[in-house]
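Asks: Could you have a look at this structure, given as structure tokens, before my questions?
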Amino acid sequence: MTVVDIRSIFSQRNIELFEVNSSYIYYAEEKNEDGHNNLFILEYNRSTRKERLVTNYTLEDPTFVEHLFAFENTLVLILENGSNSMWMIEIDKNNGMELNRRKVVCTGTFRSCTALDSEHILIYMGPDEANAEMFKRYSEVTGCECLCYMYNLKTNIKHFIKNPLIAKLGTDNIKQMNVHDEKYLILLDPFADEDIKKGYYEEQRWINADIRDNIWLCRLEEFEMQLEAGAENITKKCIASADIKALARYMGIDGDKMFFRAKEFRTGIEKICSYDVFTNSLSVEAELDIPDSDTIYIIEEKPFSVFSVKSGDGHTSVKGIINSSAELTYENNLGSFMTCIENRYVVTRKMTVDDKTKTEKQICSIYDSELDKSESYECNCCLKGNTLVLY
Numbered sequence: 003m004t005v006v007d008i009r010s011i012f013s014q015r016n017i018e019l020f021e022v023n024s025s026y027i028y029y030a031e032e033k034n035e036d037g038h039n040n041l042f043i044l045e046y047n048r049s050t051r052k053e054r055l056v057t058n059y060t061l062e063d064p065t066f067v068e069h070l071f072a073f074e075n076t077l078v079l080i081l082e083n084g085s086n087s088m089w090m091i092e093i094d095k096n097n098g099m100e101l102n103r104r105k106v107v108c109t110g111t112f113r114s115c116t117a118l119d120s121e122h123i124l125i126y127m128g129p130d131e132a133n134a135e136m137f138k139r140y141s142e143v144t145g146c147e148c149l150c151y152m153y154n155l156k157t158n159i160k161h162f163i164k165n166p167l168i169a170k171l172g173t174d175n176i177k178q179m180n181v182h183d184e185k186y187l188i189l190l191d192p193f194a195d196e197d198i199k200k201g202y203y204e205e206q207r208w209i210n211a212d213i214r215d216n217i218w219l220c221r222l223e224e225f226e227m228q229l230e231a232g233a234e235n236i237t238k239k240c241i242a243s244a245d246i247k248a249l250a251r252y253m254g255i256d257g258d259k260m261f262f263r264a265k266e267f268r269t270g271i272e273k274i275c276s277y278d279v280f281t282n283s284l285s286v287e288a289e290l291d292i293p294d295s296d297t298i299y300i301i302e303e304k305p306f307s308v309f310s311v312k313s314g315d316g317h318t319s320v321k322g323i324i325n326s327s328a329e330l331t332y333e334n335n336l337g338s339f340m341t342c343i344e345n346r347y348v349v350t351r352k353m354t355v356d357d358k359t360k361t362e363k364q365i366c367s368i369y370d371s372e373l374d375k376s377e378s379y380e381c382n383c384c385l386k387g388n389t390l391v392l393y
């Protein structure tokens with residue numbers, strides 16, 4: 003495990019990390035200086051341990067919220083205030099120069115966005131007062147609450163998405179993965195929350211609708227080309243599905259594999275399954291054994307791993323289920339389990355209240371199970387692979 007401690011740089015600073023790679027850490031910081039809100043985008047060099055200002059902006063609108071996406075050579079900054087317009091800014095990572103700056107106007111009020119790559123941005127817009135009736139009719143026809151657009155930074159063209167599945171999903175249900183240098187999208191299409199779907203199963207004799215969870219796979223380049231062409235249908239492959247009798251829910255991505263949880267309502271049996279995008283093979287990785295309600299399963303998505311965690315008698319026991327062979331215990335006073343690295347190092351987190359200021363503060367702890375020693379830090383933490391960043 004590699005620990006990158008950059009707390010000294012961020013002392014008394016409120017920053018947000020948005021990329022951690024093997025060489026650099028990128029983060030954003032907002033400051034109010036002389037009555038102006040300023041946004042700073044900065045880079046930390048892990049080799050030289052020095053900070054560099056990439057670029058900075060004075061935010062004319064104090065209600066602006068920033069969304070930052072990092073790519074190999076560029077950064078994409080989106081500034082929005084919940085209205086129908088937003089600024090799209092493309093920045094050179096090396097010299098901080100603006101490569102593009104556009105104001106994009108859509109119908110409705112901003113809900114969410116995600117960058118599919120360095121050029122294409124998905125934007126979701128919800129109903130506003132001016133367009134309430136139009137959104138109502140749109141929802142009645144499509145079943146979607148939001149309008150979806152794809153904006154191309156290079157061509158400055160905004161494409162309305164006619165495909166109802168993409169409009170329905172939202173940014174949280176679109177995952178990206180890279181397999182043998184080809185980019186894919188995982189589209190998550192769950193019917194409803196687990197309890198709701200189980201309730202439908204229990205009353206299924208009264209229900210005729212096709213109640214189903216689906217997980218779809220598509221190639222990113224093909225996906226973008228079809229949406230830009232205005233296609234109502236996109237080329238996609240169903241890689242996991244469960245009707246009213248069962249459940250299929252995404253868990254994470256690791257290498258060439260997408261992992262999901264499958265549960266049969268009649269027997270209560272739950273399994274962790276994987277789909278290999280390169281070989282198209284479906285496998286059962288583990289069967290979950292839930293002996294009592296005190297056992298929970300913790301999923302660490304990046305890197306993907308699954309742990310069985312049980313607390314009692316002042317201790318928490320951890321057992322690796324997928325991509326981990328850890329088997330250890332630690333004292334509960336260290337906090338809530340986050341993950342276990344290299345089957346040895348447990349990372350925990352807890353919130354405490356400062357007696358003097360009465361404000362909450364976060365404590366991050368690292369427990370070495372082989373040496374039976376722990377270290378605690380009053381800071382935020384971010385995990386990327388086997389690198390833990392303290393800031």
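Read the sequence shown against this note's numbering and you will find it ends at 393, with the numbers running on by one and no gaps. Glycine included, each C-beta is placed from N, C-alpha and C at the ideal position. In this text, all values refer to a predicted model and were calculated from it rather than measured experimentally.
(1) Relative to the C-alpha of residue 260, which residue among 286, 72, 198 and 106 is closest?
(2) So for residue 46, helix, strand or coil by DSSP?
(3) Where does residue 201 sit, in a helix, a strand or coil, going by DSSP?
(4) Whole angstroms is fine: what's the gap from residue 220's alpha carbon to residue 346's?
(5) Assuming residue 388 and residue 343 are in contact, meaning their beta carbons sit under 8 angstroms apart, how far apart are those beta carbons, in whole angstroms?
(6) Whole angstroms are fine: how far does the CA of residue 38 sit from the CA of residue 61?
(7) What is the rounded straight-line gap between the Cα of residue 178 and the Cα of residue 272?
(8) Taking the CB atoms as reference points, tell me whether residue 146 and residue 125 lie closer together than 8 angstroms.
(9) So which of 379, 234 and 280 has the shortest CA-CA distance to residue 9?
(10) Residue ranges of each beta strand (DSSP E) run of no fewer than 3 residues wholly in the segment 260-343, ordered along the chain?
(11) Since I believe residue 130 is in contact with residue 86 (beta carbons under 8 angstroms), could you give me their beta-carbon distance rounded to a whole number of angstroms?
(12) Along the chain, where does the beta strand (DSSP E) that runs through residue 81 open and close?
(13) Going by the beta-carbon positions, is the gap between residue 300 and residue 309 smaller than 8 angstroms?
(14) Leaving aside the five residues before and after residue 22 along the sequence, list all residues of the same chain whose C-beta is less than 7 angstroms from its C-beta, in chain order.
(15) Can you round the beta-carbon distance between residue 155 and residue 102 to whole angstroms, since I take them to be within the 8 angstroms contact cut?
(16) Nearest-angstrom Cα distance between residue 181 and residue 256?
(17) Buried or exposed: which applies to residue 201, given that a residue is buried once 16 or more other Cβ atoms fall within 10 Å of its Cβ?
(18) Which term fits residue 75, buried or exposed, when burial requires 16 or more other beta carbons within 10 angstroms of its beta carbon?
(19) As a quick exercise: from 230, 218 and 59, pick the residue whose alpha carbon is nearest that of residue 282.
(20) Which runs of the alpha helix (DSSP H) fall wholly inside the segment 201-247 and span at least 4 residues, in chain order?
(21) Run through DSSP, which three-state label would residue 137 get?
Replies: Put simply:
(1) 286
(2) strand
(3) helix
(4) 37 angstroms
(5) Confirmed, about 6 angstroms.
(6) Roughly 7 angstroms separates the two Cα atoms.
(7) 25 angstroms
(8) Contact check for residue 146 against residue 125 fails: the beta carbons are separated by 8 angstroms or more.
(9) 379
(10) Restricted to the segment 260-343, the beta strand (DSSP E) segments that are unbroken, complete and at least 3 residues in length are 272-278, 283-290, 297-303, 306-314, 317-324, 329-333 and 338-343, listed in chain order.
(11) 7 angstroms
(12) 76-82
(13) yes
(14) 384, 386, 389 and 391
(15) 5 angstroms
(16) 10 angstroms
(17) exposed
(18) exposed
(19) Ranked by how close their Cα comes to the Cα of residue 282, the residues 230, 218 and 59 have 218 in first place.
(20) 222-230
(21) helix
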